[in-house]
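Okay, structure first, notes after.
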Amino acid sequence: MIPGAPLVRARLGRVSLWCTSARHDNLADHVGDDPEAVHAARTRVAAQCGLPDPVGWVWLRQVHGARVVTVDEAPDEPPEADAAVTSVPGLPLAVVTADCAPVVLAARDAVGVVHAGHRGLAAGVVEAAVGALRAIGGGPISAYLGPCIRPGAYEFGTEDLDRIAAVLGPAVVARTVEGAPALDVPAAVSAALARVGVDAPSDCGACTATTPGYFSHRRDGATGRQVTVAVLR
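Take a look at the structure:
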């Protein structure tokens, strides 16, 4: 077991958000874990964050795409999407990640969450989420980047790296600590936000692959997921 990572709390205007690995408890229901154990872990996180029962949260069936759902209540079944937005105060939106970037977006009166892996970033999931948020919320948009893999630990094939750089620009190309080609996920998130007029995100700075307490698929192979949850107050 990996030791528990601290609960990260932040505020973006009227939006409160939390990023946690829940003391190495798996928060995802799609990686073969016992459903009762997953629910128990989610319940512990909800209590830790002072949030209602996680059954009433908006969870997603994440598929590394660019679909965004606009919600006003928790659906009976998680929708297939990699981002969600809402203007309903008190409705928690959640994304689960192991190395992909969890991004929280905040407008004056609306909130969004994004699961941004390399395929979603190339497909435009961040830009699509910003567009959906602007459709329901007013004022400028600010962003927050939660724990994700950093370039020093994210060796990447040159063909795929060139494909993403062709979309988001050369700033996404980096090197690992060993000098191999790498994808800079935070730079890719910032580039995607800049394409739609949003400033670079506030960044928690944690690398999932090198910071004790976080799940990392690149480091561990089969693994659980941490959660990032955001609520409009």
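The numbering of the sequence shown is my numbering, which starts it at 8 and goes up by one.
Where is the CB? At the ideal position from N, CA and C, for every residue including glycine.
So for H122, helix, strand or coil by DSSP?
strand
Taking DSSP as the reference, what is the three-state secondary structure of R170?
helix
Among the candidates E43, G212, C56, whose CA atom is the shortest distance from the CA of G159?
For G159, the closest of E43, G212, C56 by C-alpha to C-alpha distance is G212.
Report all residues from its chain with a CB closer than 6 Å to the CB of A237; omit the five preceding and five following residues, and keep chain order.
V22, L24, L100, V111, V118, V120
Using a Cβ-Cβ cutoff of less than 7 Å, which residues in the same chain neighbour T230 once the five nearest sequence positions on both sides are dropped?
Around T230: A105, F222, S223, H224.
Compare the C-alpha of G220 against each of D79, D116, C26 and name the closest.
Checked all of D79, D116, C26; the closest Cα to G220 is C26.
Taking buried to mean at least 16 other C-beta atoms within 10 Å of its own C-beta, is H37 buried or exposed?
exposed
By alpha-carbon positions, which one of A199, S149, P86 ends up nearest to R115?
S149
Just list the alpha helix (DSSP H) runs in the stretch 153-216, keeping only unbroken ones of 4 residues or longer that don't cross its boundaries, in chain order.
165-175, 192-202
Excluding five sequence neighbours on each side, which residues of the same chain lie with their C-beta closer than 6 Å to the C-beta of V184?
G159
In the DSSP output, what is A113 paired with across the bridge?
V118, S149
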